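Report on one structure; see the data block that follows.
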Amino acid sequence: MSFIFRRFSKLSPVINMASSSTDPLVGKKLSSEALNVPLVTHLGETTSLKKLLEELPGNYKGLVMFLFPSAGTPGCTKQACNFTSNHQSFKNKGYEVYGLTSSERSPAGKWTEKHSLTFTTLVDKDMKLVDHLDCRKMHLFVKRSHLVLSRDGEVLAFEKGVNAEASASRVLELLETF
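Using the UniProt record's numbering, the first residue of the sequence shown is number 1, and each one after it goes up by one.
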């Protein structure tokens with residue numbers, strides 16, 4: 001798992017901390033192309049990261065997006081349910097939560113409803129945003145990951161190849177550093 005995050009401190013300047021592999025997106029704003037990739041919600045509405053960021057409540061700092069390989073699998077369901085269980089904690093910290101998969105919209109929608117998930121599931125069927133984020137696994141799947149974006153599209157934290165059960169709690173830990 002790559003370990004990347006930005007730490008904000010009153011006493012010191014912004015510090016980038018990383019393990020041996022640094023993700024080049026941390027600390028940078030996503031490209032206009034990435035922000036404008038069309039995504040479909042589990043309800044069938046077309047949106048984009050840019051639109052989601054623009055529609056955040058005024059007091060929100062940004063969004064958390066977790067990426068998962070496929071709606072309906074045990075690991076993905078655990079990850080998603082943990083984000084649902086912690087959804088209010090994310091909101092209290094000023095972040096909205098979104099899940100991103102390349103699964104078809106219909107199964108993703110049914111899965112979202114079946115598990116009473118409280119966030120919007122986004123579908124990137126052509127994996128265009130996934131490619132911008134370099135999150136493909138074996139060319140066919142989405143690599144389980146999570147990232148934190150500021151309101152202006154800057155990548156504040158990005159971890160790839162994460163543990164499904166620990167993903168939500170790990171992001172909450174990262175948010176404590178901002």
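Quick reminder that beta carbons are idealized off the backbone N, C-alpha and C, glycines included. Bear in mind the structure is a predicted one, so any value in this text is a computation, not a measurement.
A direct Cα-to-Cα measurement between Cys81 and His115 gives close to 7 Å.
Fewer than three beta-carbon pairs drawn from the stretch 158 to 175 and the stretch 31 to 40 are found closer than 8 Å, and the two stretches are therefore not classed as touching. In the displayed model, Gly99 falls within a strand according to three-state DSSP. A distance below 6 Å between beta-carbons, with the five flanking residues on each side excluded, links Thr118 to the following residues of its chain, in chain order: Thr84 and His87. Glu96 is classed as buried because its beta carbon has at least 16 other beta carbons within 10 Å across all chains shown. By the CB criterion at 8 Å, Met127 and Ser150 fall outside the cutoff. Annotated as distal: Lys61 and Ala164, with beta-carbon spacing of 8 Å or more.
With respect to the 8 Å criterion, Val142 and Leu25 are not classified as neighbours on the basis of their beta carbons.
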